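For reference, the structure is listed below as structure tokens.
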Amino acid sequence: AQRVTQPEKLLSVFKGAPVELKCNYSYSGSPELFWYVQYSRQRLQLLLRHISRESIKGFTADLNKGETSFHLKKPFAQEEDSAMYYCALREPYGGSQGNLIFGKGTKLSVKP
Amino acid sequence: DTGVSQNPRHKITKRGQNVTFRCDPISEHNRLYWYRQTLGQGPEFLTYFQNEAQLEKSRLLSDRFSAERPKGSFSTLEIQRTEQGDSAMYLCASSLGGLAGVTGANVLTFGAGSRLTVL
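Going line by line, the protein sequences match chains A and B.
For the first sequence, my numbering assigns the number -13 to the initial residue and increments by one for each residue that follows.
For the second sequence, my numbering assigns the number 168 to the initial residue and increments by one for each residue that follows.
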């Protein structure tokens, strides 16, 4: 069974502090992993995906297959980063290749 | 094309009534997904279509739920004999699916959602 775990419901940091939002997954193969973000009063949108290996809005995430993790990191948090962040997994092969499995989300609050 | 559009944005109904939600995906996207989100939870997969074919259904989709995408464009999600436990945000998303190597393939673009409140 696939499962995505985000252990923190809420993460509160001060502006300029480093941020790490944790995501662990359970999957026996090589999944695709994503981070989606939802800002206040906005729709869910893609932040980044592991196969792109890019930095978006200063955020990066590295897939660690040994630890089955895909933590989201940013060295210096900004107030505009405050949002709900969801980690998601997609099985690239097999019968369930169509959909994403989401974690429960972590609310990031960046204080001034 | 302004993205994925969902209607209505909010529906309040009495228990036992039927409700229908509509989703208009991004026009060139061949895949369309329905998710449900309740308070404190991430989106939970319900079903998805590739063109007009419904390829997968979650066990969350009881027999009171039915989804269609008759012409491979817009989709409807109908809930019959609503129950209070059906109260949730119903999210629609679309993507270009099954196209490995295509930029943006398999990236879901979400609509704003349709919030259902069952009294």
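Built from N, CA and C at the ideal position, the CB exists for glycine as well.
Treat the numbers as computed from the prediction; the structure is a model and nothing was measured.
A contact between stretches requires three or more CB pairs, one per stretch, nearer than 8 Å, and the segment 185 to 197 of chain B fails this requirement with the segment 9 to 21 of chain A. Judged by DSSP in its simplified three-state form, H36 (chain A) adopts helix.
One alpha carbon belongs to S38 (chain A), the other to G91 (chain A), and they sit about 22 Å apart. When beta bridges are read from the DSSP output, C73 (chain A) appears opposite A:W21.
With respect to the 8 Å criterion, V23 (chain A) and A63 (chain A) are not classified as neighbours on the basis of their beta carbons. Secondary structure at D230 (chain B): coil, using DSSP grouped into helix, strand and coil. Assigned with DSSP and collapsed to three states, E219 (chain B) falls in coil, not helix or strand. Between the segment 191 to 200 of chain B and the segment 245 to 257 of chain B there are fewer than three C-beta pairs closer than 8 Å, too few to call the two in contact.
No Cβ of chain A is located within less than 8 Å of the beta carbon of P192 (chain B). In the same chain as P98 (chain A), and ignoring 5 residues on each side of it, the C-beta atoms closer than 7 Å to its own belong to K1 and E65, in chain order. Residue pairing for F188 (chain B): DSSP places it in a beta bridge opposite B:L244. Note on geometry: alpha-carbon atoms of Y202 (chain B) and C259 (chain B) lie some 6 Å from one another. For L206 (chain B), the closest alpha carbon among the candidates A:L49, A:I42 and A:K(-5) is that of A:K(-5). Straight-line spacing of the CA atoms in L7 (chain A) and E211 (chain B) works out to 20 Å. With a threshold of 16 other beta carbon atoms within 10 Å, Q204 (chain B) meets it and is buried. With contacts defined as CB atoms closer than 8 Å, R176 (chain B) and R282 (chain B) qualify as a contacting pair. As DSSP reads the structure, S68 (chain A) sits in no beta bridge. A direct Cα-to-Cα measurement between P(-7) (chain A) and L58 (chain A) gives close to 13 Å. The shortest CA-to-CA distance from G89 (chain A) to any of B:T169, B:Y200, B:G209 and B:T180 is the one to B:G209. Q(-8) (chain A) carries a coil assignment under DSSP once its states are collapsed to helix, strand and coil.
C-alpha of Q31 (chain A) to C-alpha of T169 (chain B): approximately 14 Å in a straight line.
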